[in-house]
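The structure appears below as structure tokens.
Residue numbers (our numbering): 2 to 196.
Rendered as structure tokens:
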């Protein structure tokens, strides 16, 4: 389930209200181009796929192209201040699915020879060569972080420690952390290291 809170941190809604839902993989709150209202885009991992849900709790569309969704990322507008253009979704296949705000899908896209498991969007404006960061497996099976541009083209990679996190965490963060420098990515390794 997910919870919607208002500006005073008061609970507005629990979805689903009965608490009977598949396990949530990732969720985004966004106003996307082609839609008229703020929506919750929830990705589930129990064969429930991606769902678009109104703030009142009504599901407006579902996508089961990726029945198990690992991450949901909002794609920014082309210019500052423009609405987001859609979503990028990852799942078991190792590819990335582009979905519009009304649920229209493009064919899943492979990223070179990487199997993408998790995807994040940059929280800094200078990220033209690294708009997205993916955690993936290389051809040799190594865990790597890869920088992707807006077209999902590989730009750089960084080898990560092997293993998985013992508890659910959000392992990827980004921002303008160093004065006078472009933004950077920070990744928590499963061994407790920071990269």
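All C-beta atoms in this analysis are idealised placements derived from N, C-alpha and C, irrespective of residue type, glycine included. If you're wondering where the values come from, they're calculated on a predicted model, not measured in any experiment.
Beta-carbon within less than 8 Å of residue i's beta-carbon, same chain only, minus the 5 sequence neighbours each way: which residues are those?
| i | result |
| --- | --- |
| residue 145 | 115, 136, 137, 138, 139, 158, 159, 160, 161 |
| residue 40 | 30, 31, 32, 33, 53, 54, 55, 56, 61, 102 |
| residue 178 | 184, 185, 187 |
| residue 17 | 2, 58 |
What are the boundary residues of the beta strand (DSSP E) that residue i is part of?
| i | result |
| --- | --- |
| residue 92 | 87–92 |
| residue 98 | 97–100 |
| residue 4 | 3–6 |
| residue 16 | 12–16 |
| residue 25 | 25–31 |
| residue 188 | 185–188 |
| residue 178 | Taken as a continuous stretch (DSSP letters only), residue 178 belongs to no beta strand (DSSP E), as it is neither H nor E. |
To which residues of the same chain is residue i closer than 6 Å at the C-beta, ignoring the five residues directly before and after it?
| i | result |
| --- | --- |
| residue 29 | 42, 73, 75 |
| residue 132 | 123, 150, 151 |
| residue 52 | 43, 60, 63 |
| residue 107 | 99 |
| residue 36 | 102 |
CB residue i to CB residue j, shorter than 7 Å?
| i | j | result |
| --- | --- | --- |
| residue 97 | residue 110 | yes |
| residue 197 | residue 184 | Residue coverage of the chain in this structure runs from 2 to 196, which leaves residue 197 outside it and unanswerable. |
| residue 23 | residue 50 | no |
| residue 5 | residue 13 | yes |
| residue 92 | residue 70 | yes |
| residue 170 | residue 121 | no |
| residue 95 | residue 86 | no |
Keeping to the same chain, check which residues put their C-beta closer than 7 Å to that of residue i; ignore five residues upstream and five downstream.
| i | result |
| --- | --- |
| residue 195 | 187, 189 |
| residue 198 | Beyond the ends of the chain as shown, which are 2 and 196, falls residue 198; an answer cannot be given. |
| residue 191 | 162, 164, 165, 166 |
**Report entry** beta strand (DSSP E) runs contained entirely in the segment 104–136, provided each spans 3 or more residues
**Finding:** 116–122
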